[in-house]
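Engineer:
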Amino acid sequence: MNIDLNVIWFLLVGVLLTGYAMLDGFDLGVGALHLLTRTDEERRTMINAIGPVWDGNEVWLVTGGGALFAAFPMVYATVFSGFYLALVLLLVGLIFRAVAIEFRSKQEHAWWRQMWDVSFSASSILSSLLLGAALGNIAWGVPLDAHYEFAGTFLGLLHPYPLLVGVTTLALFMMHGSIYMVLKTEGAMHNKVRGWVNNAIIFFIICYALTTFTTLLYVPHMTETIKAHPIFFLLPVLNMLAIANIPREIYHGRDLRAFLSSCASMAALMALFGVGLFPNIVFSRPNPANSLTLYNAASSQKTLGIMLIIACIGVPLVLAYTASIYWVFRGRVRLDAHSY
Amino acid sequence: MDVLTLGRLQFAWTISFHYIFPPLTIGLGLILVVMEGMYLKTRSPVYHAMTRFWVRVFGLIFAIGVASGIVMEFQFGTNWAAYSRYVGDVFGSALAAEGIFAFFLESGFLAILLFGWDRVSPRMHFFSTVMVSLGSIFSALWIIVANSWQQTPAGFHIVQTAVGTRAEVTDFWQVVFNPSTVDRLSHVLVAAFQTGAFLVISVSAFYLLKKRHTDFAKASMKIALVVAIVASLLQLVTGDTSARLVARYQPAKLAAYEGIFPAAEPRAPLSLFGWVNESGQKVDFSVALPGMLSWLVYGDASKPVTGLDAFKPEDRPPVNIVFQTYHAMVGIGMALILISVLGVFFWWRKTLFEKGWFLKILVVAVVLPELANQLGWVSAEVGRQPWIVYGLLRTKDALSPVVTAGETLASLILFTFVYILLFALFIYLLDQKIKKGPVDADVIGEGHRA
Numbered sequence: 001m002n003i004d005l006n007v008i009w010f011l012l013v014g015v016l017l018t019g020y021a022m023l024d025g026f027d028l029g030v031g032a033l034h035l036l037t038r039t040d041e042e043r044r045t046m047i048n049a050i051g052p053v054w055d056g057n058e059v060w061l062v063t064g065g066g067a068l069f070a071a072f073p074m075v076y077a078t079v080f081s082g083f084y085l086a087l088v089l090l091l092v093g094l095i096f097r098a099v100a101i102e103f104r105s106k107q108e109h110a111w112w113r114q115m116w117d118v119s120f121s122a123s124s125i126l127s128s129l130l131l132g133a134a135l136g137n138i139a140w141g142v143p144l145d146a147h148y149e150f151a152g153t154f155l156g157l158l159h160p161y162p163l164l165v166g167v168t169t170l171a172l173f174m175m176h177g178s179i180y181m182v183l184k185t186e187g188a189m190h191n192k193v194r195g196w197v198n199n200a201i202i203f204f205i206i207c208y209a210l211t212t213f214t215t216l217l218y219v220p221h222m223t224e225t226i227k228a229h230p231i232f233f234l235l236p237v238l239n240m241l242a243i244a245n246i247p248r249e250i251y252h253g254r255d256l257r258a259f260l261s262s263c264a265s266m267a268a269l270m271a272l273f274g275v276g277l278f279p280n281i282v283f284s285r286p287n288p289a290n291s292l293t294l295y296n297a298a299s300s301q302k303t304l305g306i307m308l309i310i311a312c313i314g315v316p317l318v319l320a321y322t323a324s325i326y327w328v329f330r331g332r333v334r335l336d337a338h339s340y
Numbered sequence: 001m002d003v004l005t006l007g008r009l010q011f012a013w014t015i016s017f018h019y020i021f022p023p024l025t026i027g028l029g030l031i032l033v034v035m036e037g038m039y040l041k042t043r044s045p046v047y048h049a050m051t052r053f054w055v056r057v058f059g060l061i062f063a064i065g066v067a068s069g070i071v072m073e074f075q076f077g078t079n080w081a082a083y084s085r086y087v088g089d090v091f092g093s094a095l096a097a098e099g100i101f102a103f104f105l106e107s108g109f110l111a112i113l114l115f116g117w118d119r120v121s122p123r124m125h126f127f128s129t130v131m132v133s134l135g136s137i138f139s140a141l142w143i144i145v146a147n148s149w150q151q152t153p154a155g156f157h158i159v160q161t162a163v164g165t166r167a168e169v170t171d172f173w174q175v176v177f178n179p180s181t182v183d184r185l186s187h188v189l190v191a192a193f194q195t196g197a198f199l200v201i202s203v204s205a206f207y208l209l210k211k212r213h214t215d216f217a218k219a220s221m222k223i224a225l226v227v228a229i230v231a232s233l234l235q236l237v238t239g240d241t242s243a244r245l246v247a248r249y250q251p252a253k254l255a256a257y258e259g260i261f262p263a264a265e266p267r268a269p270l271s272l273f274g275w276v277n278e279s280g281q282k283v284d285f286s287v288a289l290p291g292m293l294s295w296l297v298y299g300d301a302s303k304p305v306t307g308l309d310a311f312k313p314e315d316r317p318p319v320n321i322v323f324q325t326y327h328a329m330v331g332i333g334m335a336l337i338l339i340s341v342l343g344v345f346f347w348w349r350k351t352l353f354e355k356g357w358f359l360k361i362l363v364v365a366v367v368l369p370e371l372a373n374q375l376g377w378v379s380a381e382v383g384r385q386p387w388i389v390y391g392l393l394r395t396k397d398a399l400s401p402v403v404t405a406g407e408t409l410a411s412l413i414l415f416t417f418v419y420i421l422l423f424a425l426f427i428y429l430l431d432q433k434i435k436k437g438p439v440d441a442d443v444i445g446e447g448h449r450a
């Protein structure tokens, strides 16, 4: 395999989506866990823990979409038009979520806050499920015709495998979000949240094991590269170690390390997904000849080169100020006059 | 309705709704830089209160802008897949660049603007305000690059691929600085500055009428009026160059702007208003200045302007809607100049803050730039029809082949419902923020680690 511009862009889009999973993953997870809290103060703590960063996190999805459009326009066009209704639902879910975060604490009425709390949690859960189900469909393969157009139906996208990946994604985000909340809370709430982490890990491990077995049994093309190049077995091993490390770090009270461990397991999972897919981006099932690959779906070499320059200038800047903003807002949540 | 009409309706609806907000954040962002800069320079509590208050309003507008903006990033793929395949090589780069250079900058530093008062020094806070304002301007830059390329494509060639033709970049800088980018960007940015300024003017006028927060309102009004008059007069210049550019590169659009039908009309008139009679090929009820259009375009009143008859019927935009929206935009532009000049005149006569009738006009004037923005975009985009990329790809050939009319109708209904809800909430919360006004904590500069 040569490392050419197409491979670099396959990796870069992967990096953007991994960044999205690590960042928006925790705030979607916090949303999914939101209704486990009872008092208004706890709920405000949940929302304010992600308050300063959630919209920045969503920018990773927007930029991932933009990068996909620029680097692999065929994929952008085929997947988004093919997954039409699912994507519209995701967009509506994300809008509702943004609105719920923004508006929840603007009124004192209990019914008002309860309404937005439910919206916030439901839209977070829906968005996580849909994102996971989309990945699941890409992994399973989607029917494409000779023009690389989607040849399936909306209901065809909802078969068990993508739904399982959807639930696994939700579990992953809940685990990630619960660890994030451990970092952001203190006192009684902190102890309560600590209890969530172990349950979330168990939930995730069950889903993950199911997904792995199903993939091995029913989605053989996702494991071919790994079988051909055993070095990639390191990825699932790394993933298991990272997950196993989370309860250990939590037990020792090293919460930040637990969070980083969770990030590492996400990166390993995304890498596994990428390795399985390579060199396809959208695997065509039942007719693999119609698959969109990182060559037949890509923009011209010229554009990929220009975009690489843009990425080399832009990405370090983005990482620098993302890091500084997380640094500025480090530490536990304290509710004050500027809070949601 | 067919899928083309529904797809266009959905795009028009989602983009129009979204575009209520970006001009406000771009304009208000600039004004915030001025306000907070004044605070750092003078340390006067009133500037501190202003920055605090307007940052809160900015945050609300920004949130709705983000929520409605995500849809735009994906809609090219969902509904316009053929377009996305055709232009992805060129157009996708601009969208990706917008994400990397603009959105991260805006959303990241906005966190400090809204929540960082007690966490960073006043200088760092000011720096963040500057970055947010820059981010919003960069975002305008890249999206105007993308849209201008649709109007005046450059720096590309057409390549045959396995599944059809597509445009590929040959010269990136020609794509970025295609013939219309600079003029259209300046026109859009100046309009955004007007929009932000008139929001501040409107709220300040409201406080003055109610005799609340009067020092705060007077100081806000002064800054905004300066921005408003400079921007409104500048808009004459950018509007003029933009129109001449349209005459040169998109003559069918210019002919629709003014309802010119003869293939080459010498002494082409400029209508002040009218109603285009398409079957009769003339403009009814019009008051027109003969030769004025020729003079504005070529500096020579006798030089002929290309009319719609020079184009095959299938290559012409719908005329009346372009004519009406364009004229309404220009009319509003003139009204904004009049209002700004009067405002500055009364300010100079020291009567501005007592003139009740004029303050009442100022309160409602905020809808004028918003309307002009929408009307201007309608005339620019409908005037480009039947092309989605001028001269290259027709709108009817740009749809997603796999998306049905039923699906589009379902999503359109969903977006309509969600956006109406969103807008009602926005107005309600904005109203609450304005009624609450600047609070004491804003004035004394509490919490600054200075």
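First to last, the sequence lines map onto chains W and Y. Reminder that position 87 of the first sequence reads as 87 in the working numbering, one-by-one numbering, no gaps. Reminder that position 346 of the second sequence reads as 346 in the working numbering, one-by-one numbering, no gaps. Don't be surprised by glycine CBs; every beta carbon is placed ideally from N, CA and C.
Taking its Cβ as the centre, do 16 or more other Cβ atoms sit within 10 Å of residue 385/Y, making it buried, or is it exposed?
Structural biologist: Residue 385/Y is buried by the Cβ-count criterion.
Engineer: Establish whether the CB of residue 148/W and some CB of chain Y are separated by less than 8 Å.
Structural biologist: Yes, residue 148/W counts as interfacial toward chain Y.
Engineer: Does the segment 296 to 306 of chain W come close enough to the segment 153 to 161 of chain W to have 3 or more Cβ pairs within less than 8 Å?
Structural biologist: Short answer: they don't touch.
Engineer: Taking just the CA atoms, how far does residue 213/Y sit from residue 2/Y?
Structural biologist: Cα-Cα distance, rounded: 54 Å.
Engineer: Decide if residue 168/W is buried, meaning its Cβ has at least 16 other Cβ atoms within 10 Å, or exposed.
Structural biologist: It counts as buried.
Engineer: Report the option in 126/Y, 166/Y, 176/Y and 169/Y whose CA atom is closest to the CA atom of residue 138/Y.
Structural biologist: Here the closest residue by C-alpha is 176/Y.
Engineer: Residue 127/Y CB to nearest chain W CB: under 8 Å?
Structural biologist: It does not; no Cβ of chain W falls within 8 Å.
Engineer: May I ask you to verify whether the segment 6 to 19 of chain W touches the segment 149 to 156 of chain W, counting CB pairs closer than 8 Å and requiring at least 3?
Structural biologist: The segment 6 to 19 of chain W vs the segment 149 to 156 of chain W: no contact.
Engineer: Just how far apart, CA to CA, sit residue 245/W and residue 422/Y?
Structural biologist: Cα-Cα distance, rounded: 43 Å.
Engineer: Bridge partners of residue 102/W, per DSSP?
Structural biologist: Residue 102/W pairs with nothing; no bridge assigned.
Engineer: I want to see whether chain W comes within less than 8 Å of residue 73/Y, judged by CB atoms only; does it?
Structural biologist: Yes, its Cβ sits closer than 8 Å to a Cβ of chain W.
Engineer: Nearest-angstrom Cα distance between residue 277/Y and residue 284/Y?
Structural biologist: Cα to Cα, the separation comes out at about 6 Å.
Engineer: Can you have a look at residue 211/Y and say buried or exposed, based on whether 16 or more other CB atoms are within 10 angstroms of its CB?
Structural biologist: By the neighbour-count rule (16 or more Cβ atoms within 10 Å), residue 211/Y is not buried but exposed.
Engineer: Whole beta strand (DSSP E) runs in the segment 224 to 283 of chain W with 3 or more residues, listed along the chain?
Structural biologist: Whole beta strand (DSSP E) segments, 3+ residues: 280 to 282.
Engineer: Which residues, in order along the segment 213 to 228 of chain Y, keep a beta-carbon less than 7 Å from a beta-carbon of chain W?
Structural biologist: Flagged: no residues at all.
Engineer: If we ignore side chains and look at the alpha-carbon of each, how far apart do residue 259/W and residue 332/W end up?
Structural biologist: Going from the Cα of residue 259/W to the Cα of residue 332/W covers about 15 Å.
Engineer: Do you know how far the Cα of residue 174/W is from the Cα of residue 203/W?
Structural biologist: Roughly 9 Å between the two C-alpha positions.
Engineer: Looking at residue 167/Y: is its Cβ nearer than 8 Å to the Cβ of residue 87/Y?
Structural biologist: In contact: residue 167/Y and residue 87/Y (Cβ atoms closer than 8 Å).
Engineer: By the criterion of Cβ-Cβ separation under 9 Å, what are the contact partners of residue 451/Y in chain W?
Structural biologist: One cannot answer for residue 451/Y here, as it falls past the ends of chain Y, which runs 1 to 450.
Engineer: Output yes or no for whether 8 Å exceeds the beta carbon distance between residue 314/W and residue 100/Y.
Structural biologist: In contact: residue 314/W and residue 100/Y (Cβ atoms closer than 8 Å).
Engineer: Tell me which same chain residues have a C-beta within less than 8 Å of the C-beta of residue 73/Y, skipping the five on either side of it?
Structural biologist: The answer, listed in chain order, is 95 and 99.
Engineer: So the alpha helix (DSSP H) residue 189/Y belongs to, where does it begin and stop?
Structural biologist: Here the alpha helix (DSSP H) through residue 189/Y covers 181 to 210.
Engineer: Taking only the alpha-carbon atoms, compute the straight-line gap between residue 449/Y and residue 122/Y and give it to the nearest angstrom.
Structural biologist: At residue 449/Y, the pLDDT of 35 sits below 50, so the modelled position is not reliable; the number obtained from the coordinates is stated separately. In a straight line, the C-alpha of residue 449/Y is about 8 Å away from that of residue 122/Y.
Engineer: Rounded to whole angstroms, what's the CA-CA distance from residue 389/Y to residue 82/Y? Just pull it up for me.
Structural biologist: Near 12 Å, if we compare the C-alpha coordinates of residue 82/Y and residue 389/Y.
Engineer: Determine the closest residue to residue 12/Y out of 71/Y, 29/Y and 64/Y, with distance taken between C-alpha atoms.
Structural biologist: The shortest C-alpha separation from residue 12/Y is found at 71/Y.
Engineer: Between the segment 102 to 116 of chain Y and chain W, which residues of the former have CB atoms less than 9 Å from a CB of the latter, in chain order?
Structural biologist: Those would be 103, 104, 105, 106, 107, 108, 109, 110, 111, 112, 114, 115 and 116, in chain order.
Engineer: What's the C-alpha gap between residue 92/Y and residue 350/Y?
Structural biologist: Looking at the two C-alpha atoms, the distance is approximately 52 Å.
Engineer: Verify the CB distance criterion: does residue 82/W have a CB-CB separation below 8 Å to chain Y?
Structural biologist: Yes, residue 82/W lies at the interface with chain Y (some Cβ there is under 8 Å from its Cβ).
Engineer: Are there 16 or more other CB atoms within 10 angstroms of the CB of residue 23/Y, so buried, or fewer, so exposed?
Structural biologist: By the neighbour-count rule (16 or more Cβ atoms within 10 Å), residue 23/Y is buried.
Engineer: In chain order, what residues of the same chain have a beta carbon less than 7 Å from the beta carbon of residue 404/Y, not counting five sequence neighbours either side?
Structural biologist: So the list reads 3, once near-sequence residues are dropped.
Engineer: Quick check: what's the CA-CA separation for residue 180/W versus residue 115/W?
Structural biologist: Rounded to the nearest angstrom, the two C-alpha atoms are 24 Å apart.
Engineer: What's the call for residue 446/Y, buried or exposed, on a 16-neighbour Cβ count within 10 Å?
Structural biologist: Any reading at residue 446/Y must be qualified, since the residue scores a pLDDT of 42, below 50, and its modelled position is unreliable; the value itself is stated next. The residue is exposed, with fewer than 16 neighbouring Cβ atoms inside 10 Å.
Engineer: Spell out whether any CB of chain W is found under 8 Å from the CB atom of residue 429/Y.
Structural biologist: Closer than 8 Å: yes.
Engineer: Go through the segment 95 to 156 of chain Y residue by residue and report every complete run of the alpha helix (DSSP H) that reaches 4 residues or more, in order.
Structural biologist: Qualifying alpha helix (DSSP H) stretches, in chain order: 104 to 115 and 122 to 151.
Engineer: Does the beta carbon of residue 41/W come closer than 8 Å to any beta carbon on chain Y?
Structural biologist: Not an interface residue.
Engineer: For residue 254/Y, which residues of its own chain have a beta-carbon under 6 Å away from its beta-carbon, when the five flanking residues on both sides are left out?
Structural biologist: So the qualifying residues of the chain are 246 and 247.
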